[in-house]
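Okay, structure first, notes after.
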Amino acid sequence: MRLLVLSDVHGNVEALDAVLARVRRKRFDAVLMLGDVVGYGAAPNQVVERLLDLAPPMHGVRGNHDKVATGIDRGAEFNEVALAAARWTERRLTPSNLRWVRDLPRGPREVAPDLAICHGSPLDEDVYVFSDYDAEQIFAAHRPRVTFFGHTHVTSAFVETPARVVVRPLRGEGRLVLDPGFRYLLNPGSIGQPRDRDPRASFMTFDTRRQVVRWYRVPYPVEKAQERIRRAGLPGVLADRLAAGA
0 MRLLVLSDVH
10 GNVEALDAVL
20 ARVRRKRFDA
30 VLMLGDVVGY
40 GAAPNQVVER
50 LLDLAPPMHG
60 VRGNHDKVAT
70 GIDRGAEFNE
80 VALAAARWTE
90 RRLTPSNLRW
100 VRDLPRGPRE
110 VAPDLAICHG
120 SPLDEDVYVF
130 SDYDAEQIFA
140 AHRPRVTFFG
150 HTHVTSAFVE
160 TPARVVVRPL
170 RGEGRLVLDP
180 GFRYLLNPGS
190 IGQPRDRDPR
200 ASFMTFDTRR
210 QVVRWYRVPY
220 PVEKAQERIR
230 RAGLPGVLAD
240 RLAAGA
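Quick note: the sequence shown uses numbering that gives the first Met the number 0, first residue 0, plus one each step.
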C-alpha cells in the first residue's frame with residue numbers, strides 16, 4: 000500500500016497545490032491527513048475543496064486549529080494572532096466545509112494494523128512532540144509500530160531501538176527504510192507553514208510493502224500566499240513568517 004502523508008496545511012492553498020502537482024503522476028492507495036487543515040492561511044475553503052477532490056480515500060484527524068476554527072474549542076491557549084486567524088476562518092468557511100472540518104475525528108486513529116495517525120501526541124492531541132523524553136513517554140503507552148503525527152511543523156523521526164530512542168531531524172529530501180524491530184513516530188512537517196527555516200512545503204510518502212518512508216520539499220509561490228493573507232486583513236506576521244519558514 001502506498002500512502003500520501005499530509006499535515007498542517009493551515010489554509011495555504013498555494014502550498015497545497017504545489018504538493019498535489021508534485022505527486023500528480025504517482026499512484027496512492029490512501030491519503031493520511033494529520034490535522035490543521037485550516038487556521039493562519041487565507042484560503043480555508045479552497046483547501047477543504049482540494050482535499051475533498053482527492054481521488055484516493057482520505058483518513059484524517061483534527062488539529063487544534065481545526066477545533067478552534069469550528070467552535071469545538073474556545074482557543075484559550077491560543078495567542079492573539081492564532082486566535083484572530085481562527086475567528087476569521089470560522090466566519091469564512093462555508094457551512095458544508097465548516098461541518099467537514101468540525102467532523103474530523105480525534106486522534107489517535109488506527110488506519111491499518113500497527114499504523115496510526117494523530118495531530119499532536121498520541122497521548123494528547125494538543126501536545127507537541129519535540130524531544131526523546133516526549134517520545135519515550137509515548138512509546139511506553141502507545142502500541143502501534145508506526146505513527147504519523149504533525150503539530151510541530153518540523154519534519155522529524157523518533158525511533159525506538161532496543162537500546163534507546165533516537166531523534167532524527169529530517170532535512171531536505173530523503174528516505175528511511177524502517178527496521179522491523181524498531182518503532183517509529185514520524186512527522187512529515189507542514190505544508191502550509193514550515194517552521195524549520197525552510198519555507199518549502201513539506202510532506203511524506205509511505206510504501207508499507209517495502210517499508211520505505213520518503214520526505215519531500217516543494218517550492219511554491221510564497222508571495223501569492225502572502226498577498227492573499229494581507230488582502231484578507233489577517234495579521235501581517237502570518238504572511239511574513241512564510242518566507243522565513245519560521
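Heads up, the beta-carbon is just placed ideally off N, CA and C, and yes, glycines get one too.
Cα atoms of valine 217 and phenylalanine 138: separation of roughly 31 Å, rounded to the nearest angstrom. Under the DSSP assignment, histidine 64 falls in the alpha helix (DSSP H) whose first and last residues are 63-68. Here the alpha carbons of cysteine 117 and valine 67 stand approximately 17 Å from one another. At the C-beta level, phenylalanine 129 and valine 158 stay beyond 8 Å of one another. Between arginine 61 and proline 104 the beta-carbon gap is near 7 Å, inside 8 Å, which marks them as a contact. Counting the other Cβ atoms within 10 Å of the Cβ of serine 95 gives fewer than 16, which makes it exposed.
The residue from Leu184, Leu237, Leu5 and Thr146 with its alpha-carbon nearest to that of methionine 57 is Leu5. Taken through DSSP and simplified to helix, strand or coil, tyrosine 132 comes out as helix. The DSSP-derived three-state label of isoleucine 116 is strand. Within 10 angstroms of the beta-carbon of valine 236 lie fewer than 16 other beta-carbons, which makes it exposed. The Cβ neighbour count for alanine 162, taken over all protein chains shown within 10 Å, is under 16; the residue is labelled exposed. In the same chain as glycine 59, and ignoring 5 residues on each side of it, the C-beta atoms closer than 6 Å to its own belong to Met32 and Leu103, in chain order.
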